[in-house]
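Mind the numbering: the sequence shown is residues 377 to 927 in the numbering used here, read in order.
Ideal placement from N, C-alpha and C gives every residue a C-beta, glycine not left out.
None of the values given here were measured: they were computed from a predicted structure.
Following: one structure in structure tokens, then a few remarks.
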Amino acid sequence: MTSLLEGAKKLVTRSSDVGARVDGLERAAAGARGRVDDEVVDHADAVAARAAGRLKLSADHTVVALAGATGSGKSSTFNALSGLELSAVGVRRPTTSWATACVWGKEGAEELLEWLGIPARHQVTRDSMLSSADEDDELRGVVLLDLPDHDSTEVSHHLEVDRLVQLADMLVWVLDPQKYADAAIHERFLRPLASHRDVMLVVLNHIDSVPENRRASMVEDVRRLLDADGLAGVPVLPISARHGWGVDELRGMVAKRVAEKKVTRSRLEADVRAAAERLQEATGSGRTPTLSKERVAALDDAFADAAGVPTVVKAVEDSTRMRANRATGWPVTAWFSRLKPDPLKRLHLDLGAAGKELTGAARTSVPKATGVQRARVDTEVRALADQVGEGMAPSWAQAVRAASVSRLPDLGDRLDRAVASTDLGADRIPAWAGLVKVLQYVLIISALVGAGWLALLAFGSYARLPEPPTPEVWQFPVPTLLLLGGIGLGLLLALVCRWLVSLTARARARRADKRLRDAISEVSQEMVVTPIQAELASYAEVRDGLAAALR
């Protein structure tokens, strides 16, 4: 399509932006696909494809279609303009079964006629051997079509008229004094094509059959009906193709518009604008919304709560406190703490490589989300989608809501993997705790040495052995000092370290909370925010495309 549009820009005038309009409509339709009514999008796609196809063809020819009901004199008008007896004139319905084309200047028109779907047997070149008059330079570049009767009883005729009305650059509606107010032509063609009034003419044929004193009022009545159809400004020309009245004036009006080289561009612009306006009505014209940081933060909190982040953070704090107290506590009593289960191991977190091989790297034992937590997640997702969809067309707001929940069925597993893969930083004791542990063992060894020393002295005294000299420090026997100092300092150090352990546990809990919430935020981004942003990107693409199509 892009290559066609690039070529199209060379085929229309340099000042034309039809190619950009068509490209904008195509982008808007692509962005709206699946978000609004398929019929509206298909119509926009068809208009863009049709316009691109026309731009690729001859810019030197203008397709002028004569359309009307049975008996309106459409074929006689066609013959009068061409100066040739090409279309059979009759009174029985249906009269014209196929579209007939008369071309002024066939060079370059072959592809255009093929695109129009006009068989070769229904094509006549005005300057060919069949011409009954000299070449008419006034209409050079015109491809004049005589369409089937729009009120024909044959369905194929209806389809042919509908198809060629969409393809013609200029439309000349031939009305009959007896049926010019027929609702069929007004409701089916004229009113729906109100946006195309710049490429339309209305001919009131058989004016010779109307009394002279009623002709002016009849033309005014036609004018009134056209104004009611939204076609104010469309010329109304009374003619009599049978007698040639007004035919020269009609030919001159057609020739003037063709000579201006604006008809094709005006028709395509009208088509694109009408399709873009219809698409805009379906998509809405509001500005592209943005995601509220507050709403995203609330969503992250709901996800974190459902993932059990508070439970894991509490486990990190308790596990850190247990492990550090075990390292820094008095070794005699600290040994008993090994009998207590580690909170993180109970959740299958921070078990190391061997543990993950046993439990599965992506599974934890964090309690599943409760009904209240799941309801909070649903509420926050809906609130975010509603906030984004506010001001959008209902169909597009529904697309945003559908995108916001499209991945939620996998939410539980995804949250569990996020928690399991997060490095909580709680599997190692602090460096200072390792030093304290060494010091505690030094103190307990000192106490044991002192106790052993005192035991030897007591045994020697009991056995009446000569008592060796006992060293003293500040008049305290060294064995007693070692025993009491080792025990006392160990207990005192354990009490002081409890305060440091508490600070360390809270710090690690805060760090683990941040890491977990960052991981959970990535999950909410992946599961909810990114799908919504994709919808917003499509909406922005539609808005940009429509802006280009409607400028």
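Residues sharing a beta bridge with residue i, DSSP
i      : result
LEU360 : The structure shown does not extend to residue 360, since the chain is modelled only from 377 through 927, so no value can be given for it.
ALA477 : GLN499 and LEU521
Local conformation of residue i per DSSP, three classes
i      : result
PRO614 : strand
VAL500 : strand
MET576 : strand
ALA778 : helix
GLN554 : coil
HIS437 : coil
MET594 : helix
ASP694 : helix
GLU530 : coil
ARG919 : helix
HIS582 : coil
GLU766 : coil
LEU800 : coil
VAL412 : coil
GLU588 : helix
ASP906 : With the sequence shown as reference, residue 906 is identified as Thr, and Asp is not the correct amino acid for it. Helix.
ARG790 : helix
ASP393 : coil
ILE821 : helix
ILE561 : helix
THR746 : coil
GLU911 : helix
LYS450 : helix
ALA924 : helix
LEU489 : helix
LYS482 : coil
PRO785 : helix
GLU461 : coil
PRO686 : helix
ARG758 : helix
LEU675 : helix
LEU569 : coil
ARG403 : helix
ARG516 : coil
Selected residue, minimal CA-CA separation from residue i, among the options
i      : options                           : result
PRO524 : LEU543, HIS498 and ALA443         : ALA443
GLU514 : VAL423, GLY628, VAL612 and ARG884 : GLY628
ALA445 : VAL537, GLU693 and ALA428         : VAL537
HIS619 : SER452, ARG654 and ASP413         : SER452
GLY866 : TYR915, SER822 and GLN816         : GLN816
ASP436 : ALA408, ASP414 and LYS482         : LYS482
ALA682 : LEU892, ASP605 and GLU402         : LEU892
LYS813 : ALA883, ARG699, GLN763 and GLU756 : ARG699
ALA425 : SER434, ALA885 and LEU401         : LEU401
VAL748 : PHE679, ASP789 and ALA779         : PHE679
THR664 : LEU800, GLU917, ALA604 and MET903 : GLU917
GLU596 : ALA557, PRO847 and ILE896         : ALA557
LEU784 : VAL899, LEU819, ALA885 and SER822 : VAL899
ALA650 : GLN499, TRP549 and HIS572         : HIS572
SER695 : SER878, ALA475 and ALA831         : SER878
GLN909 : VAL586, ILE561, LYS632 and SER668 : SER668
PRO907 : ALA779, ARG516 and ARG919         : ALA779
ALA544 : VAL753, VAL598, LEU876 and VAL639 : VAL639
ARG516 : GLN499, VAL630, VAL904 and PRO847 : VAL630
SER448 : ASP605, ARG671, GLN554 and THR501 : GLN554
ARG919 : ILE821, ALA408, GLU588 and VAL781 : ALA408
LEU495 : ARG539, ALA652, LEU819 and TRP474 : First, the amino acid is wrong: residue 495 is Pro here, not Leu. Minimum Cα distance to PRO495 is reached at TRP474.
GLY429 : GLU490, GLU461 and PHE454         : GLU490
ARG647 : VAL394, ASP789 and ARG804         : Sequence check: residue 647 is Asp here, not Arg. Comparing Cα-Cα distances from ASP647 to each of VAL394, ASP789 and ARG804, the minimum goes to VAL394.
ALA559 : VAL598, SER585 and HIS533         : VAL598
MET768 : ARG758, ASP603, GLU645 and THR659 : THR659
Cβ-Cβ separation, residue j to residue i (assumed contact under 8 Å), whole Å
i      : j      : result
PRO611 : LEU580 : About 11 Å; that fails the 8 Å criterion.
LEU521 : ALA485 : So it is not a contact: roughly 12 Å between Cβ atoms.
ALA404 : ALA925 : 6 Å
MET594 : VAL575 : Not a contact, Cβ separation roughly 25 Å.
LEU655 : VAL416 : 6 Å
ALA834 : LEU859 : That pair is no contact at about 12 Å.
VAL689 : ASP421 : 53 Å between Cβ atoms; not a contact.
VAL550 : THR438 : Not a contact, Cβ separation roughly 18 Å.
ALA823 : ILE863 : 5 Å
SER434 : LEU492 : Not confirmed; about 11 Å, so no contact.
Any chain D beta carbon closer than 8 Å to residue i
i      : result
ASP799 : Protein chain content of the structure displayed is limited to a single chain, and chain D is not contained in it.
Which runs of the alpha helix (DSSP H), 4 residues or longer, sit entirely within the segment 826-900? 854-900
Whole runs of the alpha helix (DSSP H) within the segment 605-669, excluding any shorter than 4 residues: 623-635 and 639-659
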